[in-house]
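Note sheet for the following structure.
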Amino acid sequence: MNTYPLKESAFMRTSILVLFLLNVVVLSTAQTIKVCYKSGVGGYSINNGYRLDFDDKLSNPLNFGPSGTSKYTFQLYDFGTTPITYTALVSNGCQIFDAGLVEADAGGSLTSYTASEATSLYTWSTDSNKGVLLGFQSWAGYWVSGHTIVGTGNVNPNSFTMLGQKIFNGPFGVANSFNQGGGYQGVFTAVPSTSCSIIQSANAQVAGVINSTSSDVYLADVDMVSTLGGMSTGSAVSNNQDIFAMNLYHGLAKLATYKPNNVCTFFACNAGTDAPNFGSTNSITNSCPVETVNLTTLTASNIPSGSQVTWHTSLPATNGNKIENPTTYAPSVSPSTVYAAFYDSNSGCYSGDGYVASNITVTINTCAAGAIDCSKTQIFKAPQAGIAAQHTLVATINVTQAGCFKPISVSGSGITLVTSPSTVCATTIGVQQFHIPIKYDGSSLGTMNFTVGNTGSCSANLTSAPKKAIVDTWTLDCVPTVAPSLK
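Per the numbering used here, numbering of the sequence shown is gapless, rising by one per residue and ending at 487.
Next up, the structure:
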């Protein structure tokens with residue numbers, strides 16, 4: 001019999017941190033994952049015995065939290081001697097339940113929980129969107145018929161299968177191999193069709209599984225996550241076994257967040273479980289005179305190999321709500337929200353079963369229409385050759401559709417826009433004047449060219465003399481209209 005140190009556990013003790021989901025989703029908002037457990041479960045509850053400091057590692061903000069290696073944060077809740085019921089699990093907000101293990105139960109019995117408690121845990125886990133169980137050794141066969149585990153047959157080191165890598169290779173690094181410890185060296189000799197292998201021994205035996213429908217994880221030996229297996233003491237992540245255990249919990253948090261219908265296909269999809277990352281960009285607006293947007297100009301920095309970005313009008317992302325032509329998209333209502341997801345065309349699956357996406361706000365501004373009257377062009381006050389200054393270009397437009405005229409361009413004779421790009425807007429139709437700030441750099445005066453949206457273009461010869469109005473005003477038709485003429 002192994003001996004182990006004890007650690008005092010306060011009844012209903014909690015430890016709170018703050019969780020942020022990396023890349024994720026529409027699921028990129030901050031979340032807290034609540035981990036529940038029962039203290040005093042032999043040497044293998046989450047906070048005593050051979051897992052004495054496991055809770056300290058989960059609560060260390062350098063490991064989990066806004067500034068931690070993983071952006072998830074865990075809130076820990078100890079049931080202590082309180083009976084575990086379905087109602088208690090739900091009311092306490094449990095999302096992960098770490099079942100621990102009593103050494104006496106390693107071979108098949110379950111003396112640390114009542115039959116009612118064990119049934120409540122599995123009912124809670126299999127109920128939609130409730131939680132994920134982490135069980136060890138005899139728990140697998142107790143909860144899911146068809147699992148058979150023996151305490152011999154394992155050969156260290158263990159490693160993740162391909163599916164296990166997709167779920168549990170996390171931010172703490174890649175744990176290429178890890179060990180089972182102690183005298184029990186467990187492997188599964190039988191696994192039901194509802195479970196998928198996630199860990200294998202060096203001799204290719206199944207050492208860990210995940211249930212495809214409940215997302216529960218069962219390890220063939222609890223000492224993969226204990227000091228007997230090689231985990232360090234204290235709150236730091238110090239070795240390969242620590243990396244495995246912390247990545248395991250990072251993966252459990254993903255499972256608790258997504259609760260996929262079938263975890264084996266969910267994580268096997270090449271589209272992954274991250275949302276497209278567009279940096280700080282969260283909106284897109286059209287440029288007149290075009291009243292559509294090109295969504296493909298937004299480029300994600302984290303496209304998984306074998307996947308592409310697709311655009312959708314709602315969630316979950318499906319073929320049915322896919323935007324077929326994202327290069328010329330105009331929503332029926334503006335502004336509207338669209339969703340970018342990753343799509344694996346080979347498997348026909350979307351990131352996170354279609355629920356993991358980035359939302360982008362699309363705004364379509366109505367583009368104005370009209371015709372410019374070049375003969376009514378004015379510059380106030382008139383540019384003087386060689387003297388740099390700011391002026392106002394007055395454009396006369398017969399507006400036939402209210403809206404905004406853009407882009408505006410001004411060039412020639414050293415004259416440019418003060419603000420570029422610049423826009424002028426009309427709220428009514430009819431002949432109107434628009435005042436556009438321009439600047440002159442003192443170059444030789446000659447021809448100035450300008451356009452205002454799609455109203456046409458004008459050219460003006462600035463070498464002609466300005467007209468006197470309270471100040472000099474340059475007009476193309478030599479009619480002073482800005483102010484009364486001086487006699």
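We put the CB at the ideal spot given by N, CA and C, even for glycine.
Range of the contiguous alpha helix (DSSP H) that encloses residue i
i	result
His250	Asn240 to Tyr258
Gly141	Ser138 to Trp143
Val90	Tyr86 to Ser91
Ser280	Per DSSP, Ser280 belongs to no alpha helix (DSSP H) and is neither H nor E.
Lys57	Phe54 to Ser59
Ala118	Ala115 to Thr126
Gln165	Met162 to Phe168
Thr265	Val263 to Ala268
From the options, residue whose alpha carbon lies closest to that of residue i
i	options	result
Ala140	Cys264, Leu255 and Gly186	Gly186
Ser124	Phe450, Thr111 and Asn92	With the sequence shown as reference, residue 124 is identified as Trp, and Ser is not the correct amino acid for it. Considering only alpha carbons, the answer is Asn92.
Thr297	Ala395, Leu393, Phe278 and Tyr343	Phe278
Thr292	Ile364, Leu163, Asn302 and Tyr122	Ile364
Gly272	Asn156, Thr318, Trp143 and Asp344	Asp344
Tyr50	Thr463, Asp127 and Gly181	Gly181
Thr447	Pro437, Leu462, Ser457 and Cys458	Leu462
Cys458	Gly412, Leu121 and Thr114	Gly412
Thr152	Leu163, Ser177 and Gly183	Gly183
Phe342	Gly354, Asn211 and Val333	Gly354
Ala389	Ala371, Gly414 and Ala340	Gly414
Val399	Ser375, His391, Asn154 and Ile429	Ile429
Thr87	Thr313, Val362, Gly170 and Tyr122	Tyr122
Gly352	Ser120, Thr285, Leu393 and Pro304	Pro304
Thr233	Ile436, Phe54 and Ala106	Phe54
Phe267	Lys166, Thr318 and Ala340	Lys166
Ile199	Thr85, Ser159 and Ala340	Ser159
Gln401	Thr392, Leu393 and Ala371	Ala371
Tyr440	Gly456, Asn449 and Ala385	Ala385
Beta-carbon proximity of residue i to residue j, cut-off 9 Å
i	j	result
Val290	Trp311	no
Phe136	Ala175	no
Gln95	Ala256	yes
Gly97	Ile149	Rather than Gly, the amino acid found at residue 97 in this sequence is Phe. No, the Cβ-Cβ distance between Phe97 and Ile149 is not below 9 Å.
Val356	Ala275	yes
Phe74	Leu62	no
Phe172	Asp242	yes
Gln134	Trp143	The sequence given here has Leu at residue 134, not Gln. Against a cut-off of 9 Å, the Cβ pair of Trp143 and Leu134 comes out as no contact.
Thr126	Ser214	yes
Ser39	Phe64	no
Tyr249	Tyr37	no
Lys130	Leu163	no
Thr318	Ser336	no
Cys374	Asn454	no
Separation of residue j from residue i, as counted between CA atoms
i	j	result
Ala104	Asp56	26 Å
Pro484	Pro466	Only weak support is given to the placement of Pro484: the predicted model assigns it a pLDDT of 32, under 50, and the value that follows is read from those uncertain coordinates. For Pro484 and Pro466, the distance between alpha carbons rounds to 14 Å.
Ile387	Gly442	5 Å
Asp220	Ser138	Here residue 220 is Ala; the residue named in the question, Asp, does not match the sequence. Answer to the nearest angstrom: the Cα atoms are 8 Å apart.
Ala245	Tyr44	14 Å
Thr161	Ser226	21 Å
Ile323	Ser283	16 Å
Ala369	Ser409	16 Å
Pro490	Asn270	For residue 490 there is no data in the structure shown, the boundaries of the chain being 1 and 487.
Thr281	Val309	15 Å
Val209	Tyr218	5 Å
Pro383	Lys406	25 Å
Ser287	Leu315	27 Å
Val452	Ile379	15 Å
Leu27	Ser197	Only weak support is given to the placement of Leu27: the predicted model assigns it a pLDDT of 35, under 50, and the value that follows is read from those uncertain coordinates. Their backbone Cα atoms lie some 27 Å apart in a straight line.
Asn179	Pro260	29 Å
Ser444	Thr416	14 Å
Asn251	Thr361	Correcting the residue type first, residue 251 is Gly in the shown sequence and not Asn. Distance between the alpha carbons of Gly251 and Thr361: 31 Å.
Gly348	Ser212	19 Å
Ala115	Asn294	59 Å
Lys254	Pro331	33 Å
Ala118	Ala236	32 Å
Met224	Thr328	53 Å
Pro83	Ser120	10 Å
Gln432	Asn359	39 Å
Gly170	Ser193	27 Å
Ser464	Lys381	14 Å
Ile16	Ser420	Low confidence applies here, because Ile16 scores a pLDDT of 24, under 50, leaving its location unreliable; read the following figure in that light. Cα to Cα, the separation comes out at about 50 Å.
Contact belief for residue i with residue j at Cβ below 8 Å, rounded distance in angstroms
i	j	result
Leu76	Val35	5 Å
Ile438	Val418	6 Å
Thr377	Ala395	6 Å
Gly146	Ala204	Contact flag wrong, Cβ pair sits at about 20 Å.
Ala202	Asn156	6 Å
Asn346	Gly320	Rounded, the Cβ-Cβ distance is 20 Å, inconsistent with contact.
Endpoints, the beta strand (DSSP E) within which residue i is located
i	result
Gln200	Ser195 to Gln200
Leu417	Ile415 to Leu417
Min CB distance residue i to chain E below 9 Å
i	result
Ala236	Of the protein chains in this structure there is only one, and it is not chain E.
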